[in-house]
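In UniProt numbering, the protein residues as written are 1 to 191.
Please read the structure below before turning to the comments.
Below, the structure is given as structure tokens:
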């Protein structure tokens, strides 16, 4: 009986040692698998972040390109609308009257400003009109050429437009001269 008890005790110790060894082996294997899964997860997360950043940069670039194209198209549309408006306005019958009124107001304004500070200056109406005409010519020479290539080929229409503009300018000059003369005479008399 004593030997049987010793055998049972030894068997129990052996079984406990086997259990401990198996637990250690499983713990090491589990730890290795855990570390491998964490490394794989970190690598996958890094790859996804890089892909997201790349797609975000591409999207931002496409957005900037679209905004730039929109701005260019908008500016072109505004320029075409302005050119059309100027062309329509210059071809309207009221253009000569508006130009004459503007020249008349400018002549009268110059007459009123020439007086107290410069009593020795004498500007007659014709000189002031010529001054305004020179200013208008300089201003028009600085304006950009808004005609397209197709419109430049229409020589007949351009010549008739130039002739009409010349007639309008002459009529406007005459109206301005008459209006300024009626406003206060030929010269500026400060006294």
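Ideal placement from N, C-alpha and C gives every residue a C-beta, glycine not left out.
Just so you know, these numbers come straight off a predicted model, no measurement behind them.
Inset, instruction - Look at the alpha carbon of residue 67 and the alpha carbon of residue 59, and state the distance between them as a whole number of angstroms. - result: Taking the chain shown and counting its residues from 1, one reaches residue 67 at position 67. Taking the chain shown and counting its residues from 1, one reaches residue 59 at position 59. Their backbone Cα atoms lie some 12 Å apart in a straight line.
Inset, instruction - Pick out the complete beta strand (DSSP E) segments inside the region 6-51, 3 residues or longer, and give them in chain order. - result: Entirely contained in the region 6-51, not one beta strand (DSSP E) run reaches 3 residues.
Inset, instruction - Have a look at residue 36 and residue 5 and give me their C-alpha separation to the nearest angstrom. - result: By one-based count along the chain shown, residue 36 stands at place 36. By one-based count along the chain shown, residue 5 stands at place 5. Each residue's alpha carbon lies about 47 Å from the other.
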